[in-house]
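Enquirer: Okay, handing you the structure first.
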Amino acid sequence: MIGGLIYFAAKIGGGLVSEYDALNRLSAFGISSQSMYAENGFYWESGTSDFSPYFTGEDVNGYEFVYLADDFNDDGLDEAEAFVLMAIPKDTGSGSTAYYTDEYCRSFQAVVDTGHMRDELLSFSASDVEWDYDPNATEPRIRAFESLQSYTSSG
């Protein structure tokens, strides 16, 4: 067990702190989004970056966040029924990981080991996401990602 703790500490010292912070921000956002939905019956329009007063998270070193939703008509009205919030690493390489959460507060991850993969994720638009989605499905809306639950149970 001590060996596991040392490994964990070494990984945190090696950059997992940013990943941990990114996952915490995604989790906090997912929970906060439920307040928005409970009060308004919808989530924010795609491309929104100001989620106040429901969520005012700090920037996370090493990650860019991209919010996409099924309301992408740019009319200024928040009428989304589904969303994804992606955390995409600014640096790529061995072990770099992107994450996203959705309106069901599920988390998914993707290895981002090349600049091309990072650029692809950053270029996604709301029309690239599979919005007609079964809430009980274990596959992600964005095919580049896999479920964290299945990842942790198999790894």
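Here this note's numbering is used: the first residue of the sequence shown is 2, the next is one more, and so on.
We put the CB at the ideal spot given by N, CA and C, even for glycine.
(1) With 16 as the cutoff for other CB atoms within 10 Å, does Ile-89 come out buried or exposed?
(2) Evaluate Pro-54 with the Cβ neighbour count: other Cβ atoms within 10 Å of its Cβ, from every protein chain shown; 16 or more gives buried, anything less gives exposed.
(3) Classify Gly-156: buried if its beta carbon has 16 or more other beta carbons within 10 angstroms, exposed otherwise.
(4) How about the segment 55-67 and the segment 75-84: do they share at least three Cβ pairs that are nearer than 8 Å?
(5) Counting only the same chain and skipping the five closest in sequence on each side, list residues whose C-beta sits under 7 Å from that of Ala-23.
(6) At 3 residues or longer, what runs of the beta strand (DSSP E) sit wholly inside the segment 79-112?
(7) For the candidate residues Glu-104, Phe-56, Gly-48, Met-37, whose alpha-carbon lies nearest to that of Asp-135?
(8) Using CA atoms only, rank isn't needed, just tell me which of Glu-46, Gly-31, Ala-39 is closest to Thr-57.
(9) If I follow the unbroken beta strand (DSSP E) through Glu-65, where does it start and stop?
(10) Mapping DSSP to helix, strand and coil, what is Tyr-184?
(11) Excluding the 5 residues flanking Thr-115 on each side, which residues of the same chain have their C-beta closer than 8 Å to its C-beta?
Expert: A quick look at the data gives this:
(1) Label assigned to Ile-89: buried.
(2) By the 16-neighbour rule on beta-carbons within 10 angstroms, Pro-54 is exposed.
(3) Summary for Gly-156: the model assigns pLDDT 36, below 50, so the residue's position carries little reliability; its value from the coordinates is reported in the next sentence. With fewer than 16 Cβ atoms within 10 Å of its Cβ, Gly-156 is classed as exposed.
(4) Counting Cβ pairs under 8 Å, fewer than three are found: no touch.
(5) Taken in chain order, the residues that qualify are Val-61, Tyr-64, Ala-88, Tyr-100.
(6) Qualifying beta strand (DSSP E) stretches, in chain order: 84-90, 98-103, 108-112.
(7) Comparing alpha-carbon positions, the option among Glu-104, Phe-56, Gly-48, Met-37 lying closest to Asp-135 turns out to be Glu-104.
(8) It is Gly-31 whose Cα lies nearest to the Cα of Thr-57.
(9) For Glu-65, the enclosing beta strand (DSSP E) has its first and last residue at 64-70.
(10) A query on residue 184 cannot be resolved here, the shown segment of the chain reaching from 2 to 156 and no further.
(11) Around Thr-115: Thr-93.
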